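A.B. asks: Protein chains in written order, with the working numbering: chain A, 1 to 260; chain B, 1 to 14. Cβ coordinates follow ideal geometry from the N, Cα and C atoms, glycine included. Quick caveat, the model's predicted, so the values are computed rather than measured.
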């Protein structure tokens, strides 16, 4: 038996918004630790890794590990029926269940909506993401600022070169209409920690990425005030959004473009 | 020009 209750259905809704344009389906792996989703885009260039820790739920029970194979567009339809302040409870029988139940409860407890979502068998190829990678450059900034940079620059071109040097971090883009270069610098004096920009550099780093995927990653901005972007030569970029203090995270990995 | 690499080049199957 699997049963988990989250006080804010909106968190789950935001998680889904953060992944559904990039991947169409995935296995939600449930264990005592929590709920984990790892999925790649169709081109196998980027990967999203979501973790919702058990302690982030009001109630969490998972007797046996199970994978809920879900078509994300369908889950999105169900979650769109949740009210802004609704709580959500997810239930499933053990492995082999054909459906999962989603129940939304209004904060006053006077409105309860229940859906049975059809599950599917998904052969998901799990990649082993090394956890001990050290990155030569890390940029922490407000997630709204990251979203704005990617949104602005993606109108100019479809590839972006991120360069971190002693002068700051620059985002260089070129396209048919011309070129753009946006440079940001550390600003650790901002009043609120969430408004600070912190650039840490072990060594100057310059890598090129497909803009399209970075645009997908900005869909997670509503989940977190800040985003951390970590890069190193010739390894995938990591873009990380933490959910709450301890609730979990959405991490995206993007393979770099390499000059031939 | 630059070439898009695949994630499998960096991340192996566990």
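Using beta carbons (cut-off 8 Å, strictly below), is residue 182 of chain A in contact with chain B?
C.D. replies: Output row for residue 182 of chain A: interface = no.
A.B. asks: Please name the residue, chosen from A/99, A/242, A/3, A/196, that lies closest to residue 252 of chain A on a Cα-to-Cα basis.
C.D. replies: Of A/99, A/242, A/3, A/196, the residue nearest in Cα terms is A/242.
A.B. asks: DSSP state of residue 55 of chain A, grouped into three classes?
C.D. replies: Reduced to three states, the DSSP call for residue 55 of chain A is helix.
A.B. asks: Rounding to the nearest angstrom, what Cα-Cα distance links residue 84 of chain A and residue 224 of chain A in this structure?
C.D. replies: Roughly 17 Å separates the two Cα atoms.
A.B. asks: Please work out which residues of its chain come closer than 6 Å, Cβ to Cβ, to residue 91 of chain A, disregarding the five sequence neighbours upstream and downstream, and give them in chain order.
C.D. replies: Result list for residue 91 of chain A: 3, 101, in chain order.
A.B. asks: Apart from the five residues just before and just after residue 205 of chain A, which ones in its own chain have a Cβ nearer than 6 Å to its Cβ?
C.D. replies: These residues qualify, in order along the chain: 136, 137, 164, 231.
A.B. asks: Indicate the three-state DSSP secondary structure (helix, strand or coil) for residue 188 of chain A in the structure shown.
C.D. replies: Residue state, collapsed to three classes: coil.
A.B. asks: Can you list the residues of chain B that residue 35 of chain A reaches, using a CB-CB cut of under 8 Å?
C.D. replies: Simply none; closest approach about 19 Å.
A.B. asks: Quick one: what does DSSP say residue 232 of chain A is sitting in, helix, strand or coil?
C.D. replies: Looking at residue 232 of chain A - three-state DSSP - the assignment turns out to be coil, as it is neither helix nor strand.
A.B. asks: Given residue 40 of chain A, which residues of its chain have a CB within under 6 Å of its CB, disregarding the five upstream and five downstream residues?
C.D. replies: Once the five neighbours on either side are set aside, the close Cβ partners of residue 40 of chain A are 47.
A.B. asks: I need the boundaries of the beta strand (DSSP E) containing residue 11 of chain B, first residue and last residue.
C.D. replies: Looking at the DSSP string, residue 11 of chain B is not in any beta strand (DSSP E), and its letter there is neither H nor E.
A.B. asks: Classify residue 30 of chain A as buried or exposed, calling it buried when 16 or more other Cβ atoms lie within 10 Å of its own Cβ.
C.D. replies: Answer is buried; the Cβ neighbour count reaches 16.
A.B. asks: Have a look at the DSSP bridge pairing and note the partners of residue 48 of chain A.
C.D. replies: Paired residue(s): A/39, A/252.
A.B. asks: Compare the C-beta of residue 128 of chain A with all C-beta atoms of chain B and state if any pair is closer than 8 Å.
C.D. replies: Yes, residue 128 of chain A lies at the interface with chain B (some Cβ there is under 8 Å from its Cβ).
A.B. asks: Is the Cβ of residue 137 of chain A closer than 8 Å to any Cβ of chain B?
C.D. replies: No, its Cβ sits nowhere closer than 8 Å to a Cβ of chain B.
A.B. asks: Going along the chain, which residues of its own chain have a beta-carbon closer than 7 Å to the beta-carbon of residue 110 of chain A, five neighbours each way excluded?
C.D. replies: Excluding sequence neighbours, residue 110 of chain A sits near nothing in its chain.
A.B. asks: Quick check: is the beta carbon of residue 40 of chain A nearer than 8 Å to any beta carbon in chain B?
C.D. replies: Cβ-Cβ to chain B under 8 Å: yes for residue 40 of chain A.
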